[in-house]
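In my numbering, the protein residues as written are 16 to 654.
So the structure is just underneath, and the comments pick up after that.
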Amino acid sequence: MIYIKKLVFLEDSDSISSIIRDSSINVDIITYVSLNPQASYAYDQCNFKYRTIIDYCKDDIKCYQECSNQGLQNFKRIERICAIFEEEIIQLHKIPTLHPVHYSIFNLKFLFDGLWTTIIKLKKIIDIEKPDCIYLYTSKISKKFIGRYAFSNDESIYAEVLLMKGWQIPIKIIHTNISNVNVTDEGCNSSKKRCLSVFLKKYDTLFNLGLIFKREGFIETCKACFHSLRLWHHTPVLIYNFGYNWEDSLTEFYRRGIHPIYRITDESLDQEHIVIPDYEDQIALICKSHPQMQEFSDILGIDVSAFFFNRFSQIIEISIKESILSYYCANKLIQRKKIKCLLLSTREFAISHAIVQAARDAKIPVVSWQHGGGGYAFWPMIPFIEFFNSDIHFVFSKKVALKYIETSQKLGLFNTPVFLPVGSSSLDNYYDKIRTNSHRGKIKNIVYITTHYEENFVFISHPFNPIGFDDNLWIFQKQIIDLARLFTEINIIIKLHPTHHSKEPLNSYANDGKYKNIQIISSEKTIPELLDVADLIIIDHITTGILQILTSNIPVFAYNGFSHVDSEAIESLKKRTYVYEDIETLITDLNKYITDRISPNPSVNYSNTDFILKYGTDISRLNSAEKAVQKIGDLINIK
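Structure, rendered in structure tokens:
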């Protein structure tokens with residue numbers, strides 16, 4: 016008998032029943048492969064022997080280097096495609112200072128990185144297994160229109176890629192029952208909160224005072240009202256979307272008489288008074304006819320042209336429309352309200368970039384403020400989403416400023432803003448309000464702060480290998496959940512990233528293990544709120560969360576296996592936290608610490624402030640808001 020060697024991919028837990036059904040009548044040689052944590056857990060529940068993506072790439076230094084290099088190369092490829100299209104598209108939108116294709120770099124990076132990593136993963140598995148045929152089981156649906164995003168997590172990029180030309184092997188996609196596909200329901204309360212927020216933002220002063228009341232209380236709100244009446248320089252400033260550190264500086268703006276403080280948000284753009292034509296057909300025509308576009312039709316021998324150009328056309332068309340609309344609305348608001356300065360934090364999409372350009376064309380300064388953790392690693396996407404086209408960029412510290420300058424130079428971005436270290440008003444507020452942990456009593460609450468799965472949104476933005484990221488994260492998460500079995504008297508709170516809408520497979524793993532002392536939350540509580548109850552903290556990704564945590568003196572176990580933090584920053588962090596590159600060592604030391612309160616490293620000092628001073632804020636002065644607003648006052652000539 017001749018056996019056929021089959022390679023079976025599973026993409027979601029809903030499809031496992033179809034694999035079980037087919038395996039019962041199959042006599043061929045089959046290798047089962049999980050494509051994500053949900054699929055892995057489904058295989059585990061059914062006692063299937065399977066492999067994961069990391070089994071094919073573990074300790075592959077060449078793969079690591081290839082992936083890191085490709086991430087940087089994709090920035091250059093995006094620059095080339097932007098250069099091709101900006102010249103053509105300016106004839107469509109007729110606004111010479113707008114560059115909608117460049118404004119799409121965030122989503123284009125997802126498109127380039129996502130396709131490349133999907134193809135390289137499949138190729139590595141196929142090269143090692145050498146199957147006679149491939150089966151992909153998926154309940155995810157195919158989507159023709161995604162909008163401004165490169166992908167959706169509800170669709171199967173694996174199915175899309177496997178159906179492309181270039182695979183020299185028979186492939187069958189088995190679409191299983193899609194009725195169980197998870198749909199995120201925000202719920203009535205969330206919807207009402209969002210509607211209330213949109214309503215309040217139409218009334219700028221009311222919204223600002225409401226924020227002050229929520230964050231600072233009644234007395235500070237009264238002071239802000241008093242200052243708004245006492246000092247009136249009529250120096251209106253404009254905040255775009257969520258201000259983060261700007262929000263925690265509102266009282267200082269009122270104290271110095273810099274107001275009114277107007278708001279412009281994605282939801283507040285007036286779409287009724289401007290008609291914007293469709294551009295997708297013209298963009299698609301350029302994709303097909305421009306000779307230089309052939310470069311982007313192939314990735315590693317796979318013909319991606321149909322899929323790539325379709326998604327690219329959607330992204331760019333929406334970018335043009337958003338750019339025109341937001342530029343028009345921002346320009347109108349700036350002129351009508353006589354805005355003196357634009358303030359913002361992040362700028363991921365075309366709307367924000369076009370608003371920045373409107374401010375620059377109106378000859379008013381654009382000041383951005385560092386949003387989250389930065390400066391302790393090479394993150395090449397930061398310039399494009401934090402300070403691209405700003406006049407001044409407030410950063411948390413001198414270390415951050417130097418790293419941002421270094422990053423910009425590596426990318427060849429020499430037209431950068433002035434970087435001014437002012438600290439973080441948000442971190443100042445957290446530090447000022449946080450409770451002190453005594454560390455002497457029994458550990459009652461462990462807070463585990465975890466990052467989100469990449470799923471379809473693979474992003475090669477700093478030197479680490481994203482191939483197998485989700486699987487490695489799942490391995491770590493399971494070991495933390497398993498602590499609940501060893502320490503039944505301790506409550507373990509797992510804080511997911513706010514973008515982690517689904518709590519699977521963590522929720523199923525905890526429920527199936529009958530863990531009564533596990534609580535899994537997402538956006539229900541913030542990290543600063545959890546610091547009020549935490550006796551010990553575990554964090555698996557050293558980004559923004561670590562700065563928020565270090566405003567407290569709570570013991571911290573940090574895993575650095577998913578980041579690529581500079582050695583200097585790690586040495587600084589080790590003065591305050593227990594930092595690990597190895598999961599097993601972390602778990603062993605954690606067990607000893609919980610059981611006997613044995614410190615893995617006696618030199619760690621929970622009160623050490625070296626890291627937060629170098630990369631966060633000046634906690635000895637807590638005057639970030641004063642420094643930032645003082646500079647804004649100088650810019651707009653407030654005496």
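Ideal Cβ positions, reconstructed from N, Cα and C, are used throughout, including at glycine.
Fair warning: this is a prediction, and the values are worked out from it, not measured in the lab.
With the rule of 3 Cβ pairs closer than 8 Å, the region 344-352 does not count as touching the region 123-138.
Within the same chain, Cβ atoms closer than 7 Å to the Cβ of Gln-492 are found at Thr-465 and Leu-521, the five residues on either side in sequence being excluded. DSSP, reduced to helix, strand and coil, places Pro-306 within a helical segment of the structure shown.
A contact between stretches requires three or more CB pairs, one per stretch, nearer than 8 Å, and the region 41-54 meets this requirement with the region 65-83.
For Ser-341, the enclosing alpha helix (DSSP H) begins and ends at 320-352. Under the DSSP assignment, Ala-573 falls in the beta strand (DSSP E) whose first and last residues are 571-574. The Cβ neighbour count for Asn-575, taken over all protein chains shown within 10 Å, is at least 16; the residue is labelled buried. Annotation: the continuous beta strand (DSSP E) that includes Thr-46 extends over 44-49. It is roughly 18 Å from the alpha-carbon of Ile-495 to the alpha-carbon of Arg-612.
Nearest neighbour of Val-319 by Cα position, chosen from His-408, Trp-261, Asp-128 and Asp-281, turns out to be Asp-128. For Gln-385, no alpha helix (DSSP H) encloses it, and the DSSP letter there is neither H nor E. With a beta-carbon spacing of about 20 Å, Asp-447 and Leu-224 fall beyond the 8 Å limit used to define contacts. The C-alpha of Asn-460 is placed about 43 Å away from the C-alpha of His-368. In the structure shown, His-556 adopts coil according to DSSP, grouped into three states. The beta carbon of Glu-539 sits closer than 7 Å to none of the beta carbons in its chain outside the five residues before and after it. In this structure, the alpha-carbon of Leu-435 lies about 5 Å from that of Phe-409. Following the DSSP letters along the chain, one finds Gln-183 in no beta strand (DSSP E), marked with neither H nor E. Look at Cys-240 here: in three-state DSSP terms it is helix. Only residues of its own chain outside the window of five on either side were considered, and among them Tyr-259, Ser-360 and Thr-361 have a CB closer than 6 Å to the CB of His-386, listed in chain order.
The distance from the Cβ of Glu-170 to that of Lys-158 is about 5 Å, consistent with a contact at the 8 Å cut-off. According to the DSSP secondary-structure assignment, Thr-266 is paired through a beta bridge with no residue. The C-alpha of Asp-485 is placed about 16 Å away from the C-alpha of Tyr-79. In the three-state reduction of the DSSP assignment, Asn-506 falls in the strand class, which pools E and B. Residues Phe-572, Tyr-574 and Tyr-595 of the same chain have their beta carbon placed closer than 7 Å to that of Leu-601, with the five preceding and five following residues left out of the count.
His-368: member of the alpha helix (DSSP H) spanning 365-376, first to last residue. Per DSSP, reduced to three states, the secondary structure at Arg-95 is helical.
Spanning the alpha carbons of Leu-130 and Tyr-164 requires a straight line of approximately 14 Å. Only exposed fits Leu-315, as fewer than 16 other CB atoms lie within 10 angstroms of its CB. Going by DSSP, Phe-127 is part of the alpha helix (DSSP H) stretching over 120-144. As DSSP reads the structure, Cys-61 sits in no beta bridge.
For Lys-540, there is no enclosing alpha helix (DSSP H), since its DSSP letter is neither H nor E.
Distance from the CA of Asn-606 to the CA of Ile-254, rounded to the nearest whole angstrom, comes to 47 Å. Collapsing the DSSP output to three states places Glu-599 in a helix. DSSP lists Leu-253 as the beta-bridge partner residues of Tyr-277.
Of Lys-21, Asp-281 and Cys-82, the smallest CA-CA separation from Ile-184 is found for Lys-21.
In the DSSP secondary-structure assignment, Phe-409 is bridged to Trp-384 and Leu-435.
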